[in-house]
Structure formats: structure tokens, C-alpha cells
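A.B. asks: Residue numbers (the UniProt record's numbering), protein chains in the order written: chain A, 1 to 199; chain B, 1 to 136.
Heads up, the beta-carbon is just placed ideally off N, CA and C, and yes, glycines get one too.
A quick note: this is a predicted structure, and the numbers were derived from the prediction, not measured.
First the structure, then my questions, so here it is.
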């Protein structure tokens, strides 16, 4: 079973990997985006860890809804409401339980990913974070490690796609050949599950 | 009609200057009717390009006169942040609507319509209709 401490670890290890990878995320965002993905997410996840330290919620759902709220209010770019909605909706789906199973997490995360698709209007293949998240959620039934692999493969698979959402979509065919920064950061979030579980 | 509550308008742009200028232009073109409450919410809190949910929520509260708030947004994160705030449920005055409209033309249509004392649905319809005004 996964308790609030696991979910706080998930957020803090994700914040650390966003810190480590911020430059790479921004570099990926510079040919097809506005070159701020790394710094925006870094600011957001730093706010998440600060908020979790200040008032650590006692339930898995509480951790994720607090984290989602922080991302919406501090990121400043489109990744704020998208990641914020992902975590908040996942947190709400987990409810007030003190501990949740891996299966419940998979189910809640699917609700979160569905909410992101509704908010942004993106589907798989649009070259967005969805291309990492959907395969990750599908693989989460097997293990965290399988989800991490699926997310990383999903992120890499965005390279030959043409962007149909966000600023990159204005570039049309010129967006082809670049790995999507949002799918790349989504893979970091999913990789955080493995690290939080100590696997 | 002087004591009628007017619909409030919030203009959300990636740029503080764009939001403020469009607000000024729309108010200027609204003429001599009652002053419509219009608030810009542009850029991030630090003054950079981007979107701030805090600025949006504060702007919406500042224009709320009880008749509802129409929000117009320019691009990407501005649209998504407003949608996320609306989904939150308790961040914006009730009722607040994200209006599907071109930013500048929609703002002018919304402010002019609101200045007549029109309700939120009429303001929304006028702003949305601005998409139909072809220029050539």
C-alpha cells in the first residue's frame, strides 16, 4: 500500500529530477516552443516541495491536490494548468483514503490523464505530454518500472510527429524531428514513481 | 438603468501591456455609457510574459458587480489557466464564463455590449460574434 509519505517522496524526487533536467527541457523547448519549459516547471515544483514541507498533507489525495494547486498558481505557462489538473484530478480521484493500492493509483491517474485531455483538447499522437502519459497509465497495471519505460518510449516516439497543439503547432512540419518537451517532463514525473518506491 | 449591475470583463493576455492596452481601447470605444468594470490580467506576477492564476482571480473579483464576469484570453496558457480555475469551482465569482472570442475584437464587443446593461449571455454572444466580422 502507498501512504502519504510515498506521495510526498514522489513529488520531491520529481522536483529534484526537474531541477537536474531543467536545462535539457528548456533546450528541447527552444526549437519548437518558447524556451521556458524547464524553468517554468522548476519554479512550479520548487513551490510544490515548499508547500509540502510547510503543511504536509496526511493523505495521498491531499498531497496530489496540494501539488496540483501549486503548479497551477506558480508555473506561468501552459504546463502549469496541465500538470496542475493532472495531479489535482488524480488526487481527487484518490479521495480521503490514508493509503491506496498501486491499482487505485493507476485508476486515479487515468482519471487525471483524461482530465488533461479534456482541458487541452489533445489526443495521443498530437505530440504532447499525453503521448508519454497514456502508455504509462496503460503499463502501470504491471509495475512502476514498466510505466517508466512506457513513458520514456512514448516521449521518444514524439520526435517524428507533427505538433497539433500549442505553440509548436504553428510550426507545422518544422515541428517534426524534435522530441516534445512536455512528453519528456511527463516521463520524469512517471520515473519519479520508481524512485519514490525505492525500486 | 443607472443602478443596474453591469457585467464585468477580464482580459487575460501573456503580456501585461497587451492586456492593459486592449482594456483601454475597449473602454475608449465603449463611449459615454456607464463605465463597465474591465480589468486586465496580463503576464506573470513577476512582470514577465506568461499567465498568472493569482492575477486572473484577483481581476475577476475586482470587476464582479453581481451580474457575472466574462473572461477573454489570448493564447495557450492563458486559455488553459482560466479553464483550470473554472474547473476548481471556487476561485472565480459566480457566474464567470470563459468567452470564446477573438481577443481584441471580442473585448471591444463585450465592453460595448456590457455598457448597455446587457446580461452575461448577451455579452458572451456579442464577443463570440466578433469571429464573424471578416476583414476582406
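Please report how far the alpha carbon of residue 119(B) lies from the alpha carbon of residue 91(B), in whole angstroms.
C.D. replies: Distance between the alpha carbons of residue 119(B) and residue 91(B) is about 21 angstroms.
A.B. asks: Quick one: which residues of the region 168-180 of chain A get their C-beta closer than 9 angstroms to a C-beta of chain B? List them in chain order.
C.D. replies: Here the close residues number zero.
A.B. asks: Closer than 6 angstroms by C-beta to residue 58(A): which residues in its own chain qualify, once you throw out the five before and the five after it? Chain order, please.
C.D. replies: 4
A.B. asks: Would you identify the three-state DSSP class for residue 196(A), choosing helix, strand or coil?
C.D. replies: In the structure shown, residue 196(A) sits in a helix (DSSP, three-state: H, G or I).
A.B. asks: How many Å lie between residue 12(A) and residue 101(A) at the Cα?
C.D. replies: 20 angstroms
A.B. asks: Only counting the same chain, and skipping five residues up and downstream in sequence, which positions put a Cβ closer than 6 angstroms to that of residue 49(A)?
C.D. replies: So the list reads 12 and 15, once near-sequence residues are dropped.
A.B. asks: Would the beta-carbon of residue 41(B) fall within 8 angstroms of that of residue 63(B)?
C.D. replies: Using a Cβ distance threshold of 8 angstroms, residue 41(B) and residue 63(B) do not count as a contacting pair.
A.B. asks: Determine, using beta carbons only, whether residue 98(B) and residue 22(B) come nearer to each other than 8 angstroms.
C.D. replies: no
A.B. asks: For residue 54(A), count neighbouring Cβ atoms within 10 angstroms of its own Cβ and tell me buried if that reaches 16, exposed if not.
C.D. replies: exposed
A.B. asks: How close, in whole Å, do the beta carbons of residue 62(A) and residue 91(A) come, if the pair is a contact with beta carbons under 8 angstroms?
C.D. replies: Contact flag correct, Cβ pair sits at about 7 angstroms.
A.B. asks: Quick one: complete alpha helix (DSSP H) runs, 4+ long, within the UniProt domain "PTS EIIA type-4" (6-136) of chain B?
C.D. replies: 16-29, 53-63, 76-88, 103-115 and 120-129
A.B. asks: In angstroms, rounded to a whole number, what distance separates the CA positions of residue 149(A) and residue 196(A)?
C.D. replies: 16 angstroms
A.B. asks: Cα separation between residue 162(A) and residue 135(A)?
C.D. replies: 19 angstroms
A.B. asks: For the alpha helix (DSSP H) containing residue 81(A), name the first residue and the last one.
C.D. replies: 79-94
A.B. asks: Would residue 66(B) pass as an interface residue toward chain A - the criterion being a Cβ-Cβ separation below 8 angstroms?
C.D. replies: no
A.B. asks: Rank 79(A), 110(A) and 95(A) by C-alpha distance to the C-alpha of residue 128(A) and give the top, closest one.
C.D. replies: Sorting 79(A), 110(A) and 95(A) by C-alpha distance to the C-alpha of residue 128(A) places 79(A) at the top.
A.B. asks: Find the residues of chain A that neighbour residue 84(B), judging by a C-beta separation of less than 7 angstroms, and give them in chain order.
C.D. replies: 72, 81, 84, 85 and 119
A.B. asks: Assuming residue 24(B) and residue 70(B) make a contact with CB atoms under 8 angstroms, what is their CB distance in whole Å?
C.D. replies: Not quite, the Cβ-Cβ distance comes to about 17 angstroms (not below 8 angstroms), so this is no contact.
A.B. asks: For residue 83(A), count neighbouring C-beta atoms within 10 Å of its own C-beta (all shown protein chains included) and say buried if the count is 16 or more, exposed if not.
C.D. replies: buried
A.B. asks: Look at the alpha carbon of residue 132(B) and the alpha carbon of residue 26(A), and state the distance between them as a whole number of angstroms.
C.D. replies: Each residue's alpha carbon lies about 38 angstroms from the other.
A.B. asks: Looking at the C-beta of residue 62(B), does it have a partner C-beta in chain A at a distance below 8 angstroms?
C.D. replies: no
A.B. asks: Short check: CB of residue 5(B) to CB of residue 47(B), under 8 angstroms?
C.D. replies: No, the Cβ-Cβ distance between residue 5(B) and residue 47(B) is not below 8 angstroms.
A.B. asks: Would you please verify whether the beta carbon of residue 122(A) is less than 8 angstroms from any beta carbon of chain B?
C.D. replies: no
A.B. asks: Identify the contact partners of residue 76(B) in chain A, using a Cβ-Cβ distance below 8 angstroms as the criterion.
C.D. replies: 77, 78, 166 and 167
A.B. asks: What does residue 51(B) reach in chain A if we use C-beta pairs closer than 9 angstroms?
C.D. replies: 75, 76, 77, 78, 80 and 81
A.B. asks: Hey, residue 126(A) and residue 164(A) are a contact pair by Cβ (cut 8 angstroms); roughly how many whole angstroms apart?
C.D. replies: 4 angstroms
A.B. asks: Spell out whether any CB of chain E is found under 8 angstroms from the CB atom of residue 81(B).
C.D. replies: No chain E appears in the structure shown, which is made up of the protein chains A and B.
A.B. asks: Figure out for me which residue from 124(A), 86(A) and 123(A) has the closest Cα to the Cα of residue 107(A).
C.D. replies: With respect to the C-alpha of residue 107(A), the residue from 124(A), 86(A) and 123(A) having the closest C-alpha is 86(A).
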